[in-house]
Structure formats: C-alpha cells, structure tokens
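Read in order, the letters of the sequence shown are residues 1 to 223 in the UniProt record's numbering. Right, one structure below, let's go through it.
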Amino acid sequence: MKNIHLYLILSIIFSLLLLFFRIFLTHSVFYSFLVWNLILAAIPLFVTIIIDKSNLVKHNKVLFFAGFIFWILFLPNSPYILTDFVHFKLSSPMPVWFDILLLISFSFNGLILGIISMIKMQKILSPYLSVKKLLILMLAVSILCGFGIYLGRFLRYNSWDMLTSPELIITEVYHRIMYPFKHLKTWGVTFGFGGLVWLTFNVTNEITKLNLNQKPYKNQDAF
Numbered sequence: 001m002k003n004i005h006l007y008l009i010l011s012i013i014f015s016l017l018l019l020f021f022r023i024f025l026t027h028s029v030f031y032s033f034l035v036w037n038l039i040l041a042a043i044p045l046f047v048t049i050i051i052d053k054s055n056l057v058k059h060n061k062v063l064f065f066a067g068f069i070f071w072i073l074f075l076p077n078s079p080y081i082l083t084d085f086v087h088f089k090l091s092s093p094m095p096v097w098f099d100i101l102l103l104i105s106f107s108f109n110g111l112i113l114g115i116i117s118m119i120k121m122q123k124i125l126s127p128y129l130s131v132k133k134l135l136i137l138m139l140a141v142s143i144l145c146g147f148g149i150y151l152g153r154f155l156r157y158n159s160w161d162m163l164t165s166p167e168l169i170i171t172e173v174y175h176r177i178m179y180p181f182k183h184l185k186t187w188g189v190t191f192g193f194g195g196l197v198w199l200t201f202n203v204t205n206e207i208t209k210l211n212l213n214q215k216p217y218k219n220q221d222a223f
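Quick look at the structure:
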C-alpha cells in the first residue's frame with residue numbers, strides 16, 4: 001500500500017506540472033478549477049486513513065458512524081472529476097492532445113483516490129461484515145456515487161448541501177423515485193457512472209490482491 005501511495009503522489013504531481021505548464025504558456029488559468037476538484041476528491045481517502053489509524057474512531061460507534069457518513073457524502077467528488085471533460089474546448093490555445101492528457105490525468109487521479117478510499121473502507125469494515133454484505137455495500141456505495149455525480153453536475157448541488165439543505169435533495173430524490181420515466185437522465189448517469197465506479201473498484205481490488213499474492217521475482221539464469 002505504501003508503494004501505491006507513492007505512485008499516487010507522483011501521479012498527482014504529474015497532473016499539477018501539466019497544469020502549471022499550460023498556465024505558463026497560455027497565461028490562462030482556465031483549468032485551475034481541476035486543482036480544487038482534486039482536493040475534494042482526496043477528502044474521502046483522508047477520512048479512511050484517519051478512521052483506520054485512530055483506535056478512538058474505530059472503537060466508538062458514534063464517531064465511526066459519523067466518519068462513515070462524512071465519507072459517503074464526499075466520495076462522489078472523486079469520480080465527479082471525470083465529468084470535467086464537459087469543459088474541453090477544441091478552440092484552445094494549447095494542442096488538443098495536451099488538454100485531453102491534462103483532463104485524463106486529473107480524472108484518473110480523482111477516480112483512483114476514491115477507489116483506494118473504498119478499498120480502505122472495505123478493509124476497515126471486513127472484521128464486522130461478511131463478504132456478501134461487503135459486496136452489497138460497495139455496490140450501493142458505487143450507485144450512490146453515480147447519483148452524487150448527477151446531483152453535482154446537473155443540479156449543481158455539493159456535498160455540504162446534504163448537511164445544510166437536506167430537504168432540497170430529499171425532494172429531488174423523491175420526485176425521481178416516484179416518476180422514474182420522467183428522469184431518464186438521472187438514472188442513466190446514476191447507473192452509468194455508478195457501474196463504472198463499481199467495476200473500477202473491483203478490478204483495482206483484484207489487482208491489489210494479485211500483487212500481494214505474487215512471489216518476489218528471483219533473477220535466475222535461464223540456462
């Protein structure tokens with residue numbers, strides 16, 4: 001896991017260098033919002049690290065539940081950065097390939113930050129929940145991420161709105177559940193991005209297990 005954190009830091013630095021290079025050449029801060037979105041994307045990972053490292057939080061039901069809810073509220077910010085491609089413009093002072101690379105880089109880091117936090121949360125919950133319950137929980141979390149992306153990108157809500165104006169979001173949810181065929185975009189975005197999060201989570205999880213189970217390579221002469 002330490003190597004994952006190291007490479008993740010390097011990947012984030014790479015994204016920032018791309019952005020700073022673009023700002024330096026164009027004197028435009030157009031894509032600077034990506035930095036703020038990446039900071040928001042990192043919050044769920046920091047929450048799981050705090051929960052994992054703090055015995056007080058892990059063994060106090062109230063604190064743990066509060067931390068889990070906070071994690072759920074901010075987790076959609078991680079895959080949300082994928083939707084920042086809506087800001088892509090063909091008429092840009094930079095080559096098209098550069099702006100695509102920039103957006104892919106930030107999107108990748110945002111998504112991976114969220115996926116790693118999901119893997120950490122799964123590990124934290126594993127002593128208390130069965131494998132089947134964990135699978136169902138992570139599927140539900142992924143779908144909630146998809147719905148959070150819809151709320152953020154199309155209705156312009158943010159994570160804090162669930163705490164400050166929950167009645168507005170509850171009303172939106174109610175209408176979409178009661179009249180699903182009037183809100184096909186809602187469910188398309190929810191299950192589309194939710195499915196992507198869930199698949200990425202499972203693929204990354206399996207790769208992590210594969211890496212842990214792999215025996216150290218020994219340099220042996222084939223002859």
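Even glycine gets a Cβ: it sits at the ideal position worked out from N, Cα and C. Computed from a predicted model, the values in this text were never measured in an experiment.
| Item | Value |
| --- | --- |
| Just to confirm, are threonine 200 and tyrosine 150 a CB contact at a threshold of 8 Å? | no |
| Leaving out the 5 sequence neighbours to the left and right, which residues in its chain are closer than 7 Å to valine 57 when beta-carbon positions are compared? | Ile50, Ile51, Leu63, Phe64, Gly67 |
| Given this structure, state the Cα-to-Cα distance separating serine 117 from leucine 155, to the nearest angstrom. | 25 Å |
| Would you call the segment 8 to 25 and the segment 85 to 102 touching, i.e. three or more CB-CB distances under 8 Å? | yes |
| By the three-class DSSP mapping on this structure, what secondary structure does phenylalanine 14 have? | helix |
| Under 8 Å by Cβ, that's how I've got phenylalanine 191 and isoleucine 143 pegged, so tell me the actual separation to the nearest angstrom. | 7 Å |
| Helix, strand or coil for valine 86 per DSSP? | helix |
| My assumption, with CB atoms under 8 Å, is that glycine 152 sits in contact with proline 76. Please give the rounded CB distance. | 7 Å |
| Would you tell me roughly how many angstroms separate the C-alpha atoms of histidine 59 and threonine 48, rounded to the nearest one? | 14 Å |
| Measure the Cβ-Cβ separation of valine 189 and proline 79 and say whether it is below 8 Å. | no |
| Does DSSP put arginine 176 in a helix, a strand or coil? | helix |
| In this structure, how does DSSP classify leucine 68 when only helix, strand and coil are distinguished? | Note on identity: in this sequence residue 68 is phenylalanine, with leucine being the wrong assignment. Reduced to three states, the DSSP call for phenylalanine 68 is helix. |
| If phenylalanine 74 sits next to serine 15, beta carbons under 8 Å apart, how far is it from one beta carbon to the other, in whole angstroms? | Not really, about 20 Å apart at Cβ, beyond 8 Å. |
| Cα separation between valine 203 and glutamine 122? | 14 Å |
| Round the Cβ separation of cysteine 145 and phenylalanine 70 to the nearest angstrom and send it over; I've been treating them as touching at under 8 Å. | Not quite, the Cβ-Cβ distance comes to about 15 Å (not below 8 Å), so this is no contact. |
| Assign proline 79 to one of three DSSP states: helix, strand, or coil. | helix |
| What residues in its chain sit with their C-beta under 6 Å from that of alanine 41, if we drop five residues either side in the sequence? | Asn77, Ser78, Ile81, Gly110, Leu113 |
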